[in-house]
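Here the sequence shown stands for residues 20 to 249, numbered as in the numbering used here.
Written below as structure tokens is the structure these notes are about.
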Amino acid sequence: MLDISRIKAITLDLDDTLWPIWPTIQRAEQALAAWLTQHAPGAAAVFADKEARLALRDHVVQTRPELGHDLSALRRESIRSALHRAQEDTALAEAAFDIFFAERMRVELFEDVLPALTALSARFPLIAVSNGNAHVARVGLGQFFAHSLSASEFGVAKPDARIFHAAAGKVGVASADVLHVGDDAALDVLGALGAGMQTVWVNRAQHAWSHAKQPHHTVETLTQLVALLE
């Protein structure tokens with residue numbers, strides 16, 4: 020059972036908790052493809068082939084395991100590898116990534132997010148904890164968050180307990196006094212439980228729970244979360 024009286028801070032996942040991620044990534048990839056078609060058509064052809072694109076990413080992951088927690092670095096290195104394979108200027112990778120990243124920051128929030136963040140941030144310090152490469156300030160939500168912690172900046176990703184402990188430390192509270200809220204059963208819920216936090220699973224799609232350990236509570240929307248904590 021959730022012990023609301025213990026909550027002194029809330030950590031929040033971003034992708035698929037505050038906005039749907041795949042429409043955002045698809046738009047960003049389309050913008051990248053259009054830019055590459057104009058500036059590096061050989062690399063554009065590599066990315067247009069799904070099998071070649073996935074093989075390229077797998078190659079980067081295998082040969083650069085130190086980048087596994089950093090999605091921006093993985094994307095940038097994949098672009099560089101495509102340019103190299105097409106015998107085009109690899110220096111274009113930075114500009115190409117900037118095109119992708121600018122579009123990746125254009126997110127469409129779930130309709131419950133702004134009212135919920137307004138209510139929650141008035142009562143608790145909020146800390147963003149994400150394996151993705153979104154920045155709360157760049158997506159227009161910086162005013163709601165006391166801190167933001169990403170795997171790419173911290174060096175390890177969820178479900179590693181260290182990133183949860185670091186988030187709690189950002190606001191000077193014990194992990195046991197933090198409520199973590201997120202959509203991913205393994206990365207968010209099990210990860211936060213392993214770090215000693217209370218957890219709320221945001222299950223917008225009404226998936227079945229398939230793990231032995233249970234979240235402290237489940238909600239379908241952040242509106243329900245706000246009501247739960249009142």
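Where a beta carbon is used, it is the ideal one built from N, C-alpha and C, also for glycine.
{"Check": "DSSP three-state assignment for D34, whether helix, strand or coil", "Outcome": "strand"}
{"Check": "Residue range of the beta strand (DSSP E) that includes A147", "Outcome": "L145 to S149"}
{"Check": "Other residues of its chain near H78: CB distance less than 8 Å, five sequence neighbours each side excluded", "Outcome": "S100"}
{"Check": "Outcome for A231 when other beta-carbon atoms lying within 10 angstroms are tallied against a minimum of 16", "Outcome": "exposed"}
{"Check": "L21 - DSSP class collapsed to helix/strand/coil", "Outcome": "coil"}
{"Check": "Counted within 10 angstroms of its Cβ, other Cβ atoms place H199 as buried (16 or more) or exposed", "Outcome": "buried"}
{"Check": "Candidates I40, R95 and I23: closest to V80 by CA position", "Outcome": "R95"}
{"Check": "Spatial distance of L241 from E249 (CA atoms)", "Outcome": "13 Å"}
{"Check": "Exposure label - M216; buried when at least 16 CB within 10 Å", "Outcome": "buried"}
{"Check": "Residues sharing a beta bridge with L168, DSSP", "Outcome": "V148"}
{"Check": "beta-carbon Q81 near the ligand NAP non-hydrogen atom, thresh 7 Å", "Outcome": "By its list of ligands, the structure shown contains no ligand whatsoever, and the ligand NAP lies outside what it can speak to."}
{"Check": "Best match in K177, H236 and A185 for proximity to S194 [C-alpha to C-alpha]", "Outcome": "A185"}
{"Check": "Inter-stretch contact (C-beta, 8 Å, three-pair minimum) for the stretch 48 to 62 and the stretch 135 to 143", "Outcome": "no"}
{"Check": "Span separating the alpha-carbon of L212 from that of F173", "Outcome": "20 Å"}
{"Check": "Whole-number beta carbon distance between D34 and S171, since they are thought to touch under 8 Å", "Outcome": "That belief does not hold up - the Cβ atoms of S171 and D34 are roughly 13 Å apart, past 8 Å."}
{"Check": "8 Å Cβ shell around A63 - same chain, five flanking residues per side excluded", "Outcome": "A52, L55 and T56"}
{"Check": "Reduced DSSP secondary structure (H/G/I, E/B, other) of W41", "Outcome": "helix"}
{"Check": "Cβ separation of A205 and P234, assumed to be a contact under 8 Å, to the nearest whole Å", "Outcome": "So it is not a contact: roughly 12 Å between Cβ atoms."}
{"Check": "Local conformation of T242 per DSSP, three classes", "Outcome": "helix"}
{"Check": "Contact belief for I98 with A112 at Cβ below 8 Å, rounded distance in angstroms", "Outcome": "5 Å"}
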